[in-house]
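Residue numbers (the numbering used here): 0 to 462. Beta carbons: idealized from backbone N, C-alpha and C, even for Gly. Quantities reported herein were computed from a predicted structural model and do not represent experimental measurements. Structure first, commentary second.
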Ligand SMILES: Nc1ncnc2c1ncn2[C@@H]1O[C@H](COP(=O)(O)OP(=O)(O)OP(=O)(O)O)[C@@H](O)[C@H]1O
Ligand SMILES: [Mg+2]
């Protein structure tokens, strides 16, 4: 978002952190990854397990940094503090505290759909207050990402949308107290990170911590269709003034009618808090219908124009790695390549396989890679994908990674052609030789499987 005033002055940074500045300077942005540094930025030298940020200070100045936040004196303008991560958190708290009283902060967590929902909320709010919406970017949703995102928040922001993620219980409690949302959203509960948390109830409890940071009079938004619903509602009681559920037929926001839209997305009539609305969503799949309901519920709760906000859903483009669609020319015609390479877990796999099933295509192909962090539940969860793969009408399945063996076994009992390879390179070679004009190809795996490279290669080569 554009800002007229400096993001930070040296005085403001020292006031927030208790550090000592070498001089007077103005800051236009904040980064702890030196590759992100631009002219006028504050470079935050975070300690690391492998690399110490102080090793990158000189490089950051070369890239135009105006100053550095450090715990050891360095060449060049800087603020010297005892503890850099603590100082960044202090800046985050100060940035949150200086927002005007009419600003609205929205926190988003959940097992899947956080980034999708966060982006859609920000796009919707942009319709209501153009140029005055701040949002967290990338996967800046953890104990360093949240403070960074808040420290980047301009004082003029009218809306701020912050994603919060976790690997362990207790994490979101800290993040939400820093963020102090007026509206706290849980998108979905599923077995992502079950390895660390042990049970779905523990996951629900960990996500439910987001309500602990709600401002007085705040709103809690939870999914209707999860067996953890009551647990989430209970977690919100005592912190939220209003608790709304989204989805199903009984939710405070619910779909009355949904049909595939000509554009490839959905045409939805929904009962929203306070009104019924018909709108189109550019992104296909029931999971996007759910995300859209969440977005419009948020807008309704902050008194925004819901119909106007819905226009953002109609025009929203696909997010890279999270459903971006590429029409790729190949010899004899074209294929549709659906890029879901950024993330995979049982819930999102099922959701996207279902929307693949609804695609009109001569042939359906999947390139599916390992779902990470499932612990003991991994083999069964991978095998269980056989049913949604079959239901989607898939003809060819290219499976990537050792953990896919149970799915390869399960699919061998079906007429589906299966190719099982070790890595993204193997999958790329196979897809390039096996794809045919008219194919719809869904590419999905945990990000670390590297299928983004397959997408770049297939989409790029053909382009
Ligand atoms: N409401 C939803 N329910 C189920 N699946 C969803 C939903 N929204 C998005 N998805 C699917 O989940 C994938 C990941 O979405 P997204 O990146 O928004 O999740 P995230 O929670 O931000 O993940 P991360 O934990 O990596 O930050 C998408 O590519 C899509 O396949
Ligand atoms: Mg995310």
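Only buried fits residue 347, as 16 or more other CB atoms lie within 10 angstroms of its CB.
For residue 143, the shortest separation between its Cβ and any heavy atom of ligand 2 does not lie below 6 angstroms.
A direct Cα-Cα distance of roughly 33 angstroms separates residue 49 from residue 5. Look at residue 114: its beta carbon is less than 6 angstroms from one of the heavy atoms in ligand 2.
Contact check for residue 279 against residue 264 passes: the beta carbons are separated by less than 7 angstroms. Set against 6 angstroms, the gap from the CB of residue 110 to the closest heavy atom of ligand 2 is not smaller.
The residue from 129, 173, 336 and 15 with its alpha-carbon nearest to that of residue 308 is 129.
The three-state secondary structure of residue 371, taken from DSSP, is coil. Using a Cβ-Cβ distance cut-off of 8 angstroms, the region 213-223 and the region 390-400 are not in contact, since fewer than three pairs of beta carbons, one from each stretch, lie closer than that value.
Taking 4 residues as the minimum length, the alpha helix (DSSP H) runs contained wholly in the region 275-337 are 285-300 and 305-314, in order along the chain. Beta-bridge annotation (DSSP): residue 8 is paired with 25. The continuous stretches of alpha helix (DSSP H) do not include residue 108, which lies in the beta strand (DSSP E) extending over residues 103-108. Here DSSP, grouped into helix, strand and coil, assigns residue 82 to coil. Excluding the 5 residues flanking it on each side, residue 56 has same chain C-beta neighbours closer than 6 angstroms at 44, 67 and 73, in chain order. Under the criterion of beta carbons closer than 8 angstroms, residue 107 and residue 20 do not qualify as touching, at roughly 34 angstroms.
Residue environment: residue 455 is assigned as exposed (fewer than 16 neighbouring CB atoms within 10 Å of its CB, all protein chains considered). Distance from the CA atom of residue 315 to the CA atom of residue 433, rounded to whole angstroms, is 32 angstroms.
Bounds of any alpha helix (DSSP H) do not take in residue 259; it lies within the beta strand (DSSP E) bounded by 253-259. When the beta-carbon positions are compared, residue 150 and residue 87 come within less than 7 angstroms of each other. Where residue 146 is concerned, the enclosing alpha helix (DSSP H) starts and stops at 144-150. Between ligand 1 and residue 263, a heavy atom-to-CB distance of less than 6 angstroms is absent.
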